[in-house]
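Numbering (our numbering), first residue to last: 2 to 500. Glycine residues also receive a C-beta, built at the ideal position from the N, C-alpha and C atoms. If you're wondering where the values come from, they're calculated on a predicted model, not measured in any experiment.
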Amino acid sequence: MKGKGPSSLINRVSARFGLTRELPSVIQLGLAFMFVFTGFDTQAYVTETALHSIALKEPHRIDPHAGYYGLAITYLTFTSSCFLTPLILGWIGAKWSMFLASLAYTAFMTTFVMVNSYMFYAMSAIMGFAAALLWNAHGVYMREITTPGNASRNSGLHWGLNFGSVSMLPVLVFVESHSLIINALENFSLLFGGILLLLIFRGTGQSQVMSMEVITYIFEGLSVFTILSNVLFFLLPDFSERSAASKASFRKTIGRIFMLLRDRRMLLLSAIFMYNGFVLSFYISIYPSCLSFSKSLVGAGNEIIAYFALVTSFGQIAGGFFVSFMSKKIYGFGYMPTMLMTIPINLITFAGIYITFPSDANTRSSLEPTMLAPSLLIWLFLGLLLAIGDSFWNTIRTACLTALYSKNSSQAFALSKFFQSMMACASFFFTGSISLHAELLLLTVFLGFACIAFTFLYRITGTEQLDVHENPGDIYTIEKDKVAPCEPQSSPANIVELC
2 MKGKGPSSLI NRVSARFGLT RELPSVIQLG LAFMFVFTGF DTQAYVTETA
52 LHSIALKEPH RIDPHAGYYG LAITYLTFTS SCFLTPLILG WIGAKWSMFL
102 ASLAYTAFMT TFVMVNSYMF YAMSAIMGFA AALLWNAHGV YMREITTPGN
152 ASRNSGLHWG LNFGSVSMLP VLVFVESHSL IINALENFSL LFGGILLLLI
202 FRGTGQSQVM SMEVITYIFE GLSVFTILSN VLFFLLPDFS ERSAASKASF
252 RKTIGRIFML LRDRRMLLLS AIFMYNGFVL SFYISIYPSC LSFSKSLVGA
302 GNEIIAYFAL VTSFGQIAGG FFVSFMSKKI YGFGYMPTML MTIPINLITF
352 AGIYITFPSD ANTRSSLEPT MLAPSLLIWL FLGLLLAIGD SFWNTIRTAC
402 LTALYSKNSS QAFALSKFFQ SMMACASFFF TGSISLHAEL LLLTVFLGFA
452 CIAFTFLYRI TGTEQLDVHE NPGDIYTIEK DKVAPCEPQS SPANIVELC
């Protein structure tokens, strides 16, 4: 089906330069994802702080730890919905599935204007379902619009636009191999979100507190981005008839997943996936909440969350660039060297947070003394290390699954997201009842399990599969783990309905 409206103009321009008609759809899809996650990723950083502020003023309205519990519910429903959303995709198609899911993202933003416990928890559950539907539909739609030979260009162009670099559009259109460019564009949505938060906190003059006025400004501002995504998803051309052939059956796909569960390599990888989920929960919500709750720095206020968003955006970019650069410059710079760099980065980060934050900084405002005098520079540097470590882990995970399960990549990534989301859900549930220091110790223990599992995996698979097959930097793909954890990582042409 031919695109209509804005797409028709882009179609004519594309034809003039000898480009295929699928290009406008890829551009439009990338912009839609950029807008929806500029809104949603940013809210994950401030939700716990915002709801905690409301609970302090109106205790009957919502629990002070509702932000953590809401994310736990989101990941719980996401985990279960990944196995159900293919059925909806079969009924209404990929385009309308993405549009329906994006409406849920917008509705979620509006709940903060008149928030209460029942509404927030209900919308958190809907958000988990919407995230699974959105990412499943994304994979199917990319497969529908991609013609042979354009998978690399379309995937890179989509992710480049998704993370906000319209200025790189001419490069992404004509360059076939651009993993470094794609990596550099990761988390640009957080960059935009961080700038928005900074403008709001400074403009209202209330950076020390999060009043209802500030909360309303934040979520109304973020909802503008999600509404723009609604419009773009609605205007996408519908190519659903292209995918009528060669769809894997739901039962067959589930059977492949359970077959992979019996593979000892997948069992070892599950320890890495669960650690990724634990770190994910800490990275997107718990640490930003600690920054806001810890009142040791006079004058920093909630602006520090905006600074954290900017720093982590840079950290993700730098981490991916470094691995890609080293793997191309140094022969044999593969999985084990990347892992050996990641371990000390994580340990230094956890130790630094342990000695510069009070033990109760994850649950309430705190003026308790710390082992080391905190500073804004130290806290942001620790956030930078957290982002770099997360980038390294995501690179290792994506590369391992691509190398070991090239014929069942969609099912392998579905399992990785299942274990990751399950652990993130558990982490959010118990965060409100344990101290920050206890959580850091648990993270260290799980890091040890992940390293042991990776060592065994490295030995049983052999270096021929893990280091000679491909370097991690050569197949670095963008991963969006902040509350949209189910995107397919393989070539769009090989994606089945189940992510």
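{"Query": "Spatial neighbours of Ala319 within its chain, please: C-beta separation below 7 angstroms, excluding the five flanking residues on both sides.", "Result": "Ile389"}
{"Query": "Are Leu373 and Ile349 closer than 7 angstroms when you measure CB to CB?", "Result": "no"}
{"Query": "Take Leu88 as the anchor and find which of Ala138, Tyr288 and Gln317 has the nearest alpha-carbon.", "Result": "Ala138"}
{"Query": "Taking only the alpha-carbon atoms, compute the straight-line gap between Tyr336 and Ala451 and give it to the nearest angstrom.", "Result": "14 angstroms"}
{"Query": "I need the straight-line Cα distance from Ser82 to Glu369, nearest angstrom please.", "Result": "41 angstroms"}
{"Query": "Is the closest heavy atom of the ligand SAH to the C-beta of Met35 under 6 angstroms?", "Result": "Absence of the ligand SAH from the depicted structure is noted, as is the absence of any ligand whatsoever, leaving it without description."}
{"Query": "Using a threshold of 7 angstroms, state whether the C-beta atoms of Phe100 and Phe234 are closer than that.", "Result": "yes"}
{"Query": "When you compare the CB positions of Gly40 and Phe79, do they come within less than 7 angstroms of one another, or not?", "Result": "no"}
{"Query": "With a Cβ-Cβ cutoff of 7 angstroms, do Met340 and Phe455 count as a contact?", "Result": "yes"}
{"Query": "Go to Ala400, then tell me how far its alpha helix (DSSP H) extends in each direction, as first and last residue.", "Result": "Leu377 to Leu405"}
{"Query": "Looking only at its chain, what residues have a beta carbon closer than 7 angstroms to the beta carbon of Thr364, apart from the 5 residues adjacent to it on each side?", "Result": "His66 and Gly433"}
{"Query": "Under 7 angstroms between the Cβ atoms of Phe294 and Ile216?", "Result": "no"}
{"Query": "Which of the three DSSP states is assigned to Ser295 in this structure?", "Result": "strand"}
{"Query": "Using alpha carbons as the reference points, say which of Tyr276, Thr107 and Ser282 lies closest to Ser229.", "Result": "Checking the sequence shown, residue 229 turns out to be Leu, not Ser. The candidate whose alpha carbon is nearest that of Leu229 is Thr107."}
{"Query": "From what residue to what residue does the alpha helix (DSSP H) around Ser118 run?", "Result": "Ser118 to Ile146"}
{"Query": "Below 8 angstroms, can you find three or more Cβ-Cβ pairs linking the region 260-272 to the region 422-439?", "Result": "no"}
{"Query": "Under 6 angstroms Cβ to Cβ from Ser125, same chain only, skipping five residues before and after it: list those, please.", "Result": "Gly71, Ile74 and Thr75"}
{"Query": "How is Asp64 classed by DSSP in three states: helix, strand or coil?", "Result": "coil"}
{"Query": "CA-CA distance, Ile196 and Gly256?", "Result": "46 angstroms"}
{"Query": "Excluding the 5 residues preceding and the 5 following Tyr122 in the sequence, name in chain order all residues of the same chain whose CB lies nearer than 8 angstroms to its CB.", "Result": "Ala67, Tyr70, Gly71 and Ile74"}
{"Query": "Could you give the residue range of the alpha helix (DSSP H) that holds Arg266?", "Result": "Arg265 to Ser282"}
{"Query": "Quick one: measure Cβ to Cβ for Val37 and Thr227, integer angstroms, because I've assumed they're closer than 8 angstroms.", "Result": "5 angstroms"}
{"Query": "Could you pull the start and end residues of the alpha helix (DSSP H) that Val114 belongs to?", "Result": "Where Val114 is concerned, there is no enclosing alpha helix (DSSP H), given that its DSSP letter is neither H nor E."}
{"Query": "Between the alpha carbons of Ala307 and Ala352, how many angstroms are there, rounded?", "Result": "23 angstroms"}
{"Query": "Cα separation between Met143 and Ala95?", "Result": "9 angstroms"}
{"Query": "With H, G and I counted as helix, E and B as strand and the rest as coil, what does DSSP make of Ser434?", "Result": "coil"}
{"Query": "In terms of residue numbering, what span does the alpha helix (DSSP H) encompassing Thr217 cover?", "Result": "Met213 to Leu236"}
{"Query": "Given this structure, state the Cα-to-Cα distance separating Met110 from Leu237, to the nearest angstrom.", "Result": "23 angstroms"}
{"Query": "Can you find the residues in the same chain that come closer than 6 angstroms, C-beta to C-beta, to Ala425, ignoring five residues on each side of it along the sequence?", "Result": "Tyr76, Gly278, Leu281 and Ser282"}
{"Query": "Taking the alpha carbon of Ala131 as the reference point, which residue from Asn347, Leu90, Met115 and Ser118 has its own alpha carbon closest?", "Result": "Leu90"}
{"Query": "Under DSSP, the alpha helix (DSSP H) around Ile285 begins and ends at which residues?", "Result": "Taken as a continuous stretch (DSSP letters only), Ile285 belongs to no alpha helix (DSSP H), as it is neither H nor E."}
{"Query": "Below 8 angstroms on the Cβ atoms is my contact criterion, and I expect Leu85 with Cys291 to pass it. Report the Cβ-Cβ distance as a whole number of Å.", "Result": "Their Cβ separation, rounded to whole angstroms, is 35 angstroms, which puts Leu85 and Cys291 out of contact at 8 angstroms."}
{"Query": "Look at the alpha carbon of Ile435 and the alpha carbon of Glu145, and state the distance between them as a whole number of angstroms.", "Result": "47 angstroms"}
{"Query": "Compare the beta carbon distance of Phe274 and Gln421 with 7 angstroms and say whether it is the shorter of the two.", "Result": "yes"}
{"Query": "Cα separation between Glu440 and Phe447?", "Result": "11 angstroms"}
{"Query": "For Met115, count neighbouring Cβ atoms within 10 angstroms of its own Cβ and tell me buried if that reaches 16, exposed if not.", "Result": "exposed"}
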